[in-house]
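Accompanying notes for the structure given below.
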Amino acid sequence: MQDQSDMQAYWMPYTPNRYFRKNPKIMVSAKGVYYTDDHGRKLLDGASGLWTSPLGHGDPRIIEAIQRQYHSMDYVPAFQMAGTETFRLANRITQYAPSGLGKVFFVNSGSEAVDTALKIALAYHRAKGEASRIRMIGRERAYHGGCVGGISVGGIPTNRKMFGAMMMPGVDHLPHTLNLSQMA
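Per my numbering, the very first residue in the sequence shown carries number 178; after that it's consecutive.
As structure tokens, this is what we get:
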């Protein structure tokens, strides 16, 4: 069990921190599709490590590949340089992409991907001489990340309200395409 005094420094996102400290859910290991908590209970990782572990946790093949790459080169910034493996992976990804999608832009998270996609959309229209095309469309009750762009187009009103002064202007939120009353 984690001592509450040890939990003061970490500010957990999207978590009522005071409540969490009273009833903490502390994970101590992960293997396959399960976490194990500090009481030895297994918890199904249904969110795939919040979308970072779609192949599960602790797969020896993935660990070995990471270690091989880390021993060769752990990191190279993408600003005006790149590693050979970056090009190799980009080429592999484009082989699976639909026709006409032959470029890859690597990011660190889904939130960064959404913010980058918004910037690419604006830059695309500016390059075409359509700089006034700045409206964005999001879905009601949709989550598009925790960065300013993702919260702006995201459809979770409490997130937008909390950071209202920072939100992007020109965003419309459309209702979900599913008829939820028919599905209830």
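Note that beta-carbon positions come from the ideal geometry of N, C-alpha and C, so glycine has one too.
Write down the C-beta distance between residue i and residue j rounded to the nearest angstrom, noting that I regard them as a contact closer than 8 Å.
i, j, result
"PRO231", "GLY323", "The Cβ separation is near 20 Å, so there is no contact."
"GLY362", "VAL348", "Given that the chain is displayed from residue 178 to residue 361, the structure contains no residue 362 and the question cannot be resolved."
"ARG337", "ILE328", "6 Å"
Is the Cβ-Cβ distance between residue i and residue j less than 8 Å?
i, j, result
"LEU295", "GLY332", "no"
"TYR211", "LEU227", "no"
"LYS208", "HIS234", "yes"
Excluding the 5 residues preceding and the 5 following residue i in the sequence, name in chain order all residues of the same chain whose CB lies nearer than 8 Å to its CB.
i, result
"GLY260", "MET250 and VAL253"
"PHE282", "THR293 and ILE297"
"GLN246", "GLU262"
Provide the residue span of the beta strand (DSSP E) that contains residue i, from first to last.
i, result
"THR213", "211-214"
Tell me the DSSP secondary structure of residue i in three-state form.
i, result
"GLY332", "coil"
"LYS219", "strand"
"ARG318", "coil"
"ARG251", "In the sequence as displayed, the identity of residue 251 is Asp instead of Arg. In this structure, ASP251 counts as coil in the three-state DSSP scheme."
"LEU232", "coil"
"MET313", "strand"
"HIS353", "coil"
"VAL284", "coil"
Who are the Cβ neighbours of residue i in its own chain at under 6 Å, not counting the five residues just before and after it?
i, result
"THR271", "GLY279"
"HIS302", "ARG310"
Assuming residue i is part of the alpha helix (DSSP H), what are its boundary residues?
i, result
"ALA207", "Per DSSP, ALA207 belongs to no alpha helix (DSSP H); it is in the beta strand (DSSP E), 204-208."
"LYS301", "Correcting the residue identity first, residue 301 is Tyr in this sequence and not Lys. Where TYR301 is concerned, the enclosing alpha helix (DSSP H) stretches over 287-304."
"GLN272", "261-273"
"PHE197", "194-199"
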